[in-house]
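Numbered as in this note's numbering, the sequence shown ends at 517 without a single skipped number.
Shown next, in structure tokens, is the structure this report addresses.
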Amino acid sequence: MDKRSKIILGLFLAVLIGIVVTEIVRPKPLNWRPSYTSSDKIPFGCYVLFNELPNLFPEQKIHTTSESLYNILAERDSTIASNYLLINDFLDLDKQETHKLLQYVHDGNDTFIAASNFGTYLADTLNIEVETQYYIQEDTVLTYLTNNSFSKQNYPLKRGVYNTHFTSVDTLNTTVLGYITFKSEQGTLSSGSNERTKGTNFVKVRFGKGHFYLNSTPQAFTNYYMLKGNKDYVANAFSYLKDLDVYWDNYKKSGRVVIDSPMRFILNQVPLRWAYYLGMVGLLIFVIFKAKREQRIIPVIKPLENSSIEFAKTVGGLYYEHRDYTDLIFKKINFFLEHLRSNYHLNTETINEKTATVLSARSDKPLSEVKDLLDMIVLLKNKKNHSEQDVIHLNKKLNQFKK
Numbered sequence: 115m116d117k118r119s120k121i122i123l124g125l126f127l128a129v130l131i132g133i134v135v136t137e138i139v140r141p142k143p144l145n146w147r148p149s150y151t152s153s154d155k156i157p158f159g160c161y162v163l164f165n166e167l168p169n170l171f172p173e174q175k176i177h178t179t180s181e182s183l184y185n186i187l188a189e190r191d192s193t194i195a196s197n198y199l200l201i202n203d204f205l206d207l208d209k210q211e212t213h214k215l216l217q218y219v220h221d222g223n224d225t226f227i228a229a230s231n232f233g234t235y236l237a238d239t240l241n242i243e244v245e246t247q248y249y250i251q252e253d254t255v256l257t258y259l260t261n262n263s264f265s266k267q268n269y270p271l272k273r274g275v276y277n278t279h280f281t282s283v284d285t286l287n288t289t290v291l292g293y294i295t296f297k298s299e300q301g302t303l304s305s306g307s308n309e310r311t312k313g314t315n316f317v318k319v320r321f322g323k324g325h326f327y328l329n330s331t332p333q334a335f336t337n338y339y340m341l342k343g344n345k346d347y348v349a350n351a352f353s354y355l356k357d358l359d360v361y362w363d364n365y366k367k368s369g370r371v372v373i374d375s376p377m378r379f380i381l382n383q384v385p386l387r388w389a390y391y392l393g394m395v396g397l398l399i400f401v402i403f404k405a406k407r408e409q410r411i412i413p414v415i416k417p418l419e420n421s422s423i424e425f426a427k428t429v430g431g432l433y434y435e436h437r438d439y440t441d442l443i444f445k446k447i448n449f450f451l452e453h454l455r456s457n458y459h460l461n462t463e464t465i466n467e468k469t470a471t472v473l474s475a476r477s478d479k480p481l482s483e484v485k486d487l488l489d490m491i492v493l494l495k496n497k498k499n500h501s502e503q504d505v506i507h508l509n510k511k512l513n514q515f516k517k
């Protein structure tokens with residue numbers, strides 16, 4: 115390596131190191147994305163709550179689950195009663211997961227769910243409906259619990275919280291445990307109005323031998339509000355649960371880290387991951403300092419001539435001499451129908467009104483234009499003898515459609 119190359123390489127490394135150091139020392143902006151995972155210390159993570167669980171459930175085991183609750187509930191010891199905690203901005207359980215969770219509660223266990231939406235299957239089974247109202251301007255909502263054992267204290271939530279409350283519950287099996295108050299739509303539109311509306315945001319639903327505890331304000335359980343004086347609200351809400359082992363769901367989370375790489379096994383194992391990184395760095399260093407590029411002069415190879423134009427002219431000349439317009443029309447129609455099958459996934463065995471409607475929607479072409487083209491194709495296919503004008507008109511229609 116000559117002196118000039120070493121200088122260029124040194125400058126490049128200096129700039130690269132400067133960029134890396136700048137990025138490291140630069141203060142990171144606060145991350146307000148919803149996470150709800152036990153390891154995230156960002157405002158809307160659940161690091162504080164997860165580390166307070168041993169105090170909320172003393173002398174009980176805290177199980178962290180990082181896979182589907184179906185697998186957890188299927189493999190657990192069903193003779194030991196427990197609590198299951200699910201906290202996320204949106205809870206999306208499929209049929210199998212919902213059925214397993216319902217069976218778990220029906221057998222005498224309790225489940226605490228804090229989410230702004232509880233999923234279609236679970237909501238239908240428990241006969242509940244939830245509504246969320248969004249406003250352009252953020253509003254402070256107040257939450258409080260109904261139990262007389264707790265102090266009648268309002269817990270304000272000022273940031274990242276929308277008005278989410280229950281609009282319908284099964285009154286035979288449901289007990290209201292808490293409310294949320296918010297400005298009514300009329301109050302928000304009226305300048306300076308303090309009119310507030312009360313909605314249910316915390317309920318207990320009896321199901322079999324167990325209970326569902328549903329809270330529609332999951333933000334109240336995050337780091338931001340736990341450290342802002344909301345810890346008493348969370349402790350009182352969890353006090354309804356029995357003093358049993360706890361399963362903390364860390365799988366149904368918005369902030370769950372998912373590795374889609376084919377090397378996910380290596381990247382999930384700390385020793386293998388560092389061995390992989392060191393190997394890549396060593397290979398890069400070898401390429402920079404040791405690899406020697408030796409190559410003969412690359413000869414100039416004349417590119418092959420494009421004979422497709424001459425071929426097209428020859429074929430066109432043959433058709434023009436033989437005047438076989440019928441064969442030419444059928445070939446163009448077949449080629450166009452194959453184009454529709456390949457690009458728009460249409461069934462072209464039967465061309466009808468439905469074919470025109472679907473093709474218009476998928477190709478973003480006017481329905482009238484598509485109908486005219488398909489009508490011409492059907493007419494020409496049923497026609498025995500064709501003229502030069504038929505070929506010209508068909509070609510114009512096809513070119514116009516493919517623009």
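We put the beta carbon where it would ideally sit given N, CA and C, even for glycine.
Simplified DSSP assignment, three categories, for residue i
i	result
Ser422	helix
Trp362	strand
Pro332	helix
His500	coil
Gln247	strand
Thr311	strand
Leu236	helix
Tyr390	helix
Phe379	helix
Val414	coil
Phe171	coil
Leu199	strand
Thr285	coil
Leu355	coil
His459	coil
Ile186	helix
Pro270	strand
Tyr293	strand
Tyr258	strand
Thr136	helix
Thr469	helix
Gly430	helix
Ser368	coil
Asn145	coil
Ile194	coil
Phe264	coil
Asn231	coil
Pro480	coil
Phe164	helix
Gly124	helix
Thr440	helix
Asp489	helix
Tyr150	coil
Residue i, buried or exposed, once every other Cβ within 10 Å from all chains shown has been counted against 16
i	result
Ala389	exposed
Gln267	exposed
Ser307	Here the model assigns Ser307 a pLDDT of 49, short of 50, so the residue's position is not dependable and the matter cannot be decided.
Tyr218	buried
Thr314	buried
Trp146	exposed
Lys323	exposed
Met394	exposed
Ser304	Since pLDDT at Ser304 reaches only 41, below the 50 mark, its modelled position is unreliable, and no value is offered.
Lys137	In the sequence as displayed, the identity of residue 137 is Glu instead of Lys. So Glu137 ends up on the exposed side.
Gly430	exposed
Phe204	exposed
Met377	exposed
His507	exposed
Lys297	buried
Residues near residue i in its chain [Cβ-Cβ closer than 8 Å; skip 5 each side]
i	result
Ser192	Asp221
Thr212	Gly233, Tyr235, Leu236 and Thr239
Residue i - partner residues in DSSP beta bridges
i	result
His279	Glu245
Arg320	His325
Thr212	In DSSP, Thr212 forms no bridge with anything.
Phe226	Leu199 and Tyr327
His177	Tyr361
Cβ-based neighbour list, residue i, same chain, cut-off 7 Å, excluding 5 preceding and 5 following
i	result
Thr178	Ser152, Trp362 and Asn364
Gly274	Trp146, Phe158 and Gln333
Tyr161	Ser152, Ser153, Asp154, Lys155 and Asn337
Phe450	Leu512
Arg320	Asn287
Val290	Thr260, Thr314 and Val317
Spatial neighbours of residue i in its chain, beta-carbon cut-off 6 Å, leaving aside the 5 residues before and after
i	result
Tyr276	Thr246 and Tyr248
Ile367	Position check: residue 367 holds Lys in this sequence, whereas Ile was assumed. The answer, listed in chain order, is Tyr150, Thr151 and Asn202.
Ile447	Ile491
Thr440	His500
Any non-hydrogen atom of the ligand MG closer than 7 Å to residue i Cβ
i	result
Val505	Within the structure as shown, the ligand MG is missing, as the structure has no ligands at all.
Rounded Cβ spacing between residue i and residue j (contact assumed at less than 8 Å)
i	j	result
Leu358	Asn197	6 Å
Asp504	Ile443	6 Å
Lys163	Val348	Reading the sequence as shown, one finds Leu at residue 163 and not Lys. With a Cβ gap of about 7 Å, Leu163 and Val348 count as contacting.
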